[in-house]
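Top line first, the protein sequences correspond to chains E and V.
Per our numbering, the first sequence starts with residue 1, numbered consecutively.
Per our numbering, the second sequence starts with residue 1001, numbered consecutively.
Backbone N, C-alpha and C define an ideal beta-carbon position, used for all residues, glycine too.
Nothing here was measured: the structure is a model prediction, and the numbers come from that model.
Encoded as structure tokens, the structure appears first; notes follow it.
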Amino acid sequence: MMGNDRGMDATPGRRQRWRQGIEARQRAPRSLWRFAAPQQFYPLAGRLAPWFAASAALLTVLGLYLAFFVAPTDAQQGEVYRIIFLHVPAAWMSMFLYLVMAFWGIVGWVLNTRLSFMMAHALAPTGAIWCFIALWTGALWGRPTWGTYWVWDARLTSQLLLMFLYLGYLALTRAIEDPRRADRAGALLAIVGSINVPIIYFSVQWWNTLHQGASVSLTRAPSMATVMLVTMLIMAFAAWFYSIAVALWRVRTIILERERHTDWVAAELDRLAARERG
Amino acid sequence: MTARGKRLTLILAALALLGGATALVLSAMRENLVFFHTPSEVAEGKAPVGRTFRIGGMVAEGSLERLPDGVTVRFAVTDTAKTIPVVYHGALPDLFSEGKGAVAQGQLGPDGVFVASEVLAKHDENYMPVEAQHAVDQAQRAASTLEP
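Structure representation (structure tokens):
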């Protein structure tokens, strides 16, 4: 266990104990806490990312094959329903990643761990892209089924708000020069904005919307044919693994950038440069 | 309590307060957040009179009627309790059909007919192959013939 406790009023004595705590943590070979140090997490992320990327690629190929060649035509909507295999995983991922960002924001605020804020940074662009894909595929799906690209119902409007929250996070964290202040401001936006996620999810239950209700939920049996459901879940896992892989690669870049004044990053950059030269 | 525990409590308390405030605002605005009104709500006078609004529900079976001019349609929107006749001048979405959901935007005339300027189809969250739908339809038909 770590015996340190770092308050806002860290006196020299407490600071020393804090530093000893970090060193003890980094020495402890079995403790997962050592990965809270960017220097320890950097190589771990580098080892994990390719596995997640490869899993994502395999699942995408399998999922797309099932989506186009195995899943049957829908009785109500015909072929156009197949966009669900991209639309729903993208929408799930856009909501989920925002909650994960808020989680890392809370961890960062409470434990003062730099890596938590870096994780939130690394997730934001991917979440924003999923959010955009969800809105875009939704518009393309809405035109042939509902008869319109866009309506201002509660589901669509709250999802658009999520897009603005992502863009706001990206803009805010990049507009503030001091990285520590940018981290905290961004985390606050992520935490406050996370209230929107349950609103998106339950909007179709709470209000009359043009958007249909959830086909898949934890509380009742899914209202989809099994093949369709399995295909959608495979695509959701593909989206999830892709997000993890990309976030890990991105957090590595952020770590190098933030820690560029340290010796280990200088050594790592030398190593990368040497590999580049062949 | 440690400084860390204080910060966590503070964040969670702030989040709970903010969540509560949001819930109160949303429930206060409940009336304005609905995308459409049901025929029953219109009958109770909850829909805005003299203004454009949307009604939603099922297209009543056997109510769809195309007028000879080719572009005007008449149908009725029902929520099984109340029914409102609708007249619409324009193209209907592909998924629009009797027994399915629809949302119409327009104004309620003095004669009780809803004059729609836009009609959208609202589909449900069920996805099944054609054969399965066929089986469901047959079962429903069999069930309805058994009723006295």
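Does the separation of the CB atoms of residue i and residue j fall below 8 angstroms?
| i | j | result |
| --- | --- | --- |
| T173 of chain E | G186 of chain E | yes |
| I1055 of chain V | V1077 of chain V | yes |
| E1102 of chain V | L1120 of chain V | Per the sequence presented here, residue 1102 of chain V reads as Ala, with Glu not at that position. Yes; because the gap between Cβ atoms is below 8 angstroms, this pair is in contact. |
| A53 of chain E | A273 of chain E | no |
| M228 of chain E | V216 of chain E | no |
| A1116 of chain V | A1104 of chain V | yes |
| W141 of chain E | H87 of chain E | yes |
For a contact defined as C-beta to C-beta under 7 angstroms, what are the partners of residue i on chain E?
| i | result |
| --- | --- |
| V1025 of chain V | Here the premise fails: no neighbours, minimum Cβ distance about 11 angstroms. |
| A1121 of chain V | T145, W146 and G147 |
| T1022 of chain V | I195 |
| L1033 of chain V | A154 and W207 |
| V1103 of chain V | L210 |
Quick check on residue i - is its C-beta less than 8 angstroms from some C-beta in chain V?
| i | result |
| --- | --- |
| G7 of chain E | With a pLDDT of only 45 at G7 of chain E, under 50, the local geometry of the prediction cannot be trusted, and no value is derived from it. |
| T113 of chain E | no |
| M2 of chain E | Residue placement at M2 of chain E is poorly supported in this model, since its pLDDT is 43, which falls under 50; the coordinates are not used for a value here. |
| W18 of chain E | no |
| V110 of chain E | yes |
| T137 of chain E | no |
| L210 of chain E | yes |
| A67 of chain E | no |
| A225 of chain E | yes |
| M228 of chain E | yes |
| S70 of chain E | Note that residue 70 of chain E is Val in the sequence shown, not Ser. By this cut-off, V70 of chain E is not an interface position. |
In terms of alpha-carbon separation, which member of the options lies closest to residue i?
| i | options | result |
| --- | --- | --- |
| L218 of chain E | E:Y201, E:V70 and E:T209 | E:Y201 |
| L123 of chain E | E:A57, E:I195, E:W240 and E:V88 | E:W240 |
| T157 of chain E | E:A134, E:R258 and E:F35 | E:A134 |
| I195 of chain E | E:Y65, E:M101, E:I84 and E:L66 | E:M101 |
| G127 of chain E | E:M235, E:V227, E:D178 and E:A91 | E:A91 |
| R258 of chain E | E:R143, E:Y42, E:V151 and E:L189 | E:Y42 |
| E1044 of chain V | V:K1122, V:T1083, V:L1018 and V:G1099 | V:T1083 |
| E1118 of chain V | V:A1016, V:A1014 and V:L1092 | V:L1092 |
Checking contacts by CB at 8 angstroms: is residue i closer than that to chain E?
| i | result |
| --- | --- |
| R1007 of chain V | yes |
| I1055 of chain V | no |
| L1015 of chain V | yes |
| I1011 of chain V | yes |
| G1001 of chain V | One point to set straight first is that residue 1001 of chain V is Met, not Gly, in the sequence displayed. M1001 of chain V does not count as touching chain E. |
| P1068 of chain V | no |
| L1074 of chain V | Per the sequence presented here, residue 1074 of chain V reads as Arg, with Leu not at that position. Output row for R1074 of chain V: interface = no. |
| V1042 of chain V | no |
| M1128 of chain V | yes |
| R1141 of chain V | no |
| D1094 of chain V | yes |
Which residues in chain E have a C-beta closer than 9 angstroms to the C-beta of residue i? List them in chain order.
| i | result |
| --- | --- |
| Q1133 of chain V | D74, A75 and Q76 |
| G1019 of chain V | I195 and P198 |
With 8 angstroms as the threshold, decide whether the Cβ of residue i is near any Cβ in chain C.
| i | result |
| --- | --- |
| Y81 of chain E | Within the model displayed, chain C is absent; protein chains E and V are what it includes. |
Which residues in chain E sit within 8 angstroms of residue i, going by Cβ to Cβ distance?
| i | result |
| --- | --- |
| E1065 of chain V | Under the 8 angstroms cutoff, chain E gives no residues; its nearest Cβ is about 19 angstroms from E1065 of chain V. |
Could you list which residues in chain V have their beta carbon closer than 7 angstroms to that of residue i, in chain order?
| i | result |
| --- | --- |
| G213 of chain E | E1125 |
| I106 of chain E | I1011 |
Run through chain V and tell me which residues come within less than 8 angstroms of residue i, C-beta to C-beta.
| i | result |
| --- | --- |
| V100 of chain E | Result: empty, since nearest Cβ-Cβ is about 15 angstroms, beyond 8 angstroms. |
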